[in-house]
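Scroll down for the structure; my scribbles are underneath it.
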Amino acid sequence: MTTGVVVMAYGTPASMDGVEAYYTHIRRGRPPTPEQLDDLRARYDAIGGLSPLREITRAQCDRLASTLGPGYRVELGYKHASPFIEDAAAGLGGDVVGLVLAPHYSRGSIGEYVERLGHPAIESWHDLPEWRSFQAQAIRTALKDLPPRTTVLFTAHSLPERVLDGDIYPDELLASATAIAKEANLDDGAWSVAWQSAGRTPDPWRGPDVGEVIADLDSDGVLVCPQGFTADHLELLYDLDIVARQRAEQAGITFARTAMVNDDAAVLGALAERVRSFSPT
Ligand code: FEC
Numbered sequence: 688m689t690t691g692v693v694v695m696a697y698g699t700p701a702s703m704d705g706v707e708a709y710y711t712h713i714r715r716g717r718p719p720t721p722e723q724l725d726d727l728r729a730r731y732d733a734i735g736g737l738s739p740l741r742e743i744t745r746a747q748c749d750r751l752a753s754t755l756g757p758g759y760r761v762e763l764g765y766k767h768a769s770p771f772i773e774d775a776a777a778g779l780g781g782d783v784v785g786l787v788l789a790p791h792y793s794r795g796s797i798g799e800y801v802e803r804l805g806h807p808a809i810e811s812w813h814d815l816p817e818w819r820s821f822q823a824q825a826i827r828t829a830l831k832d833l834p835p836r837t838t839v840l841f842t843a844h845s846l847p848e849r850v851l852d853g854d855i856y857p858d859e860l861l862a863s864a865t866a867i868a869k870e871a872n873l874d875d876g877a878w879s880v881a882w883q884s885a886g887r888t889p890d891p892w893r894g895p896d897v898g899e900v901i902a903d904l905d906s907d908g909v910l911v912c913p914q915g916f917t918a919d920h921l922e923l924l925y926d927l928d929i930v931a932r933q934r935a936e937q938a939g940i941t942f943a944r945t946a947m948v949n950d951d952a953a954v955l956g957a958l959a960e961r962v963r964s965f966s967p968t
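Here you go:
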């Protein structure tokens, strides 16, 4: 008897022609205005075309599948692109468990993946020691090339305030940032948390935004550690590497960002172990 595993991730369009359908899906069926669509296409153009997210998610999923080995059937399911979560789950019989390739729980984000899956899932894994060590090592490596007075900013995707009311997401982000900062031997005043990639909607989103924090920094360097994500994609390559970098340059501050997990063998191996030992309550 095999166990089915649905590895879930955000998804990205497979071609530039697919950007409108993708954006419409993110907006829950409401098509974007021509201006919004042009703006998104321009962001993909600015990172050199499509996002690398599709290939990276595939590599992450393959790494999980090969570590899990026989006894597990692993399928990839995207939130906003094909193959969708529901299609991946429908192709699996018997026991099915889910894993989202994002470390922290929030009702408005992970909760939605799990609801659509309709099976038990690992809802949060930011306490994984191998993941925390990866982040601490990435910080230590990047700091070697930065000025001594550098601030580390741990970022995650912002969410609307109404979604975060009573949600555990900010607490989980602070808990992992604190543990990673300790493991990387950062002084208390040398790091903080910030938010990024707030949506283009009129309602208030959780801040402070990483760009505002950078503009107000009293330091010579800033190192952004996007702990809320596992792969290189648009929100990092554009929102951080282009927009946040510009903010830093305007403020006369050296900018850098830590390396992403992508298909790192130690982290994905440990995640596979977590899937193996997962028993739904
Ligand atoms: O590389 C790529 O092509 C895709 C990058 C990508 C990732 C990602 C992750 C998260 N999002 C989260 C929440 C929201 C909410 C809205 C929203 C909107 C967008 C848009 C694009 C986009 N997101 Fe995303 N997100 C990525 C891309 N996201 C493009 C639409 C244009 C824009 O606003 O920039 C607002 C929806 C609405 O309009 O109602 C909310 C969260 C994550 C991290 C967790 C995860 O990976 O699932 C939370 C990657």
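Be aware that the sequence shown starts at 688, since it is given in this note's numbering, and climbs by one per residue.
Ideal placement from N, C-alpha and C gives every residue a C-beta, glycine not left out.
- Below 8 Å, enough C-beta pairs join the region 690-698 and the region 761-776 to call them touching: three or more.
- Ranked by how close their Cα comes to the Cα of S753, the residues E960, D919, A864 have E960 in first place.
- Partner residues in the beta bridge of S879, as assigned by DSSP, are L840.
- Unbroken alpha helix (DSSP H) runs of no fewer than 4 residues, entirely contained in the region 732-810, are found at 740-755, 772-777, 797-804, following chain order.
- Here DSSP, grouped into helix, strand and coil, assigns L924 to helix.
- Distances between the C-beta of F771 and the heavy atoms of the ligand FEC are all 7 Å or more.
- The beta carbons of G915 and H791 sit closer together than 8 Å.
- DSSP places T699 in the coil class of the three-state scheme, outside both helix and strand.
- With a cut-off of 8 Å on Cβ pairs, the region 804-814 is not in contact with the region 823-832, counting fewer than three such pairs.
- Closer than 7 Å to some heavy atom of the ligand FEC: that does not describe the Cβ of E742.
- Contact between the region 836-855 and the region 779-796 is present: 3 or more CB-CB pairs across the two stretches fall below 8 Å.
- Comparing C-alpha distances from W892 to each of V850, A868, C912 shows the shortest one belongs to V850.
- If you ignore the 5 residues before and after P834, its C-beta comes within less than 7 Å of the C-beta of D907, G908, T941, all in its own chain and listed in chain order.
- In terms of CA proximity to F821, T945 leads the group T945, S964, P967.
- Boundaries of the alpha helix (DSSP H) around L955: 952-964.
- Remark: the C-beta of L727 is in contact range of the ligand FEC, defined as less than 7 Å to any heavy atom.
- One thing to note: A776 has its Cβ within 8 Å of the Cβ of V783.
- For L904, there is no enclosing alpha helix (DSSP H), as DSSP marks it with neither H nor E.
- Within 7 Å of the C-beta of S702 there is not a single heavy atom belonging to the ligand FEC.
- Fewer than three Cβ pairs drawn from the region 927-940 and the region 707-727 lie within less than 8 Å of each other, which leaves the two stretches out of contact.
- The beta carbon of L923 sits closer than 8 Å to those of P913, F916, R944, M947, all from its chain and outside the five residues before and after it, given in chain order.
- Exclusion of S863 from the 7 Å shell around the ligand FEC follows from its C-beta lying no nearer than that to any non-hydrogen atom of the ligand.
- Using a cutoff of 7 Å, the CB of A808 does not count as near the ligand FEC, since none of the ligand's heavy atoms is closer than that.
- Per the coordinates, the alpha-carbon of I901 lies some 21 Å from the alpha-carbon of S863.
- At the C-beta level, W878 and V839 come within 8 Å of one another.
- Taking non-hydrogen atoms of the ligand FEC into account, the C-beta of R893 is found less than 7 Å away from none of them.
- In the three-state scheme derived from DSSP, where H, G and I count as helix and E and B as strand, R944 is classed as strand.
- Assigned with DSSP and collapsed to three states, D704 falls in helix.
- The closest heavy atom of the ligand FEC lies 7 Å or more from the beta carbon of S879.
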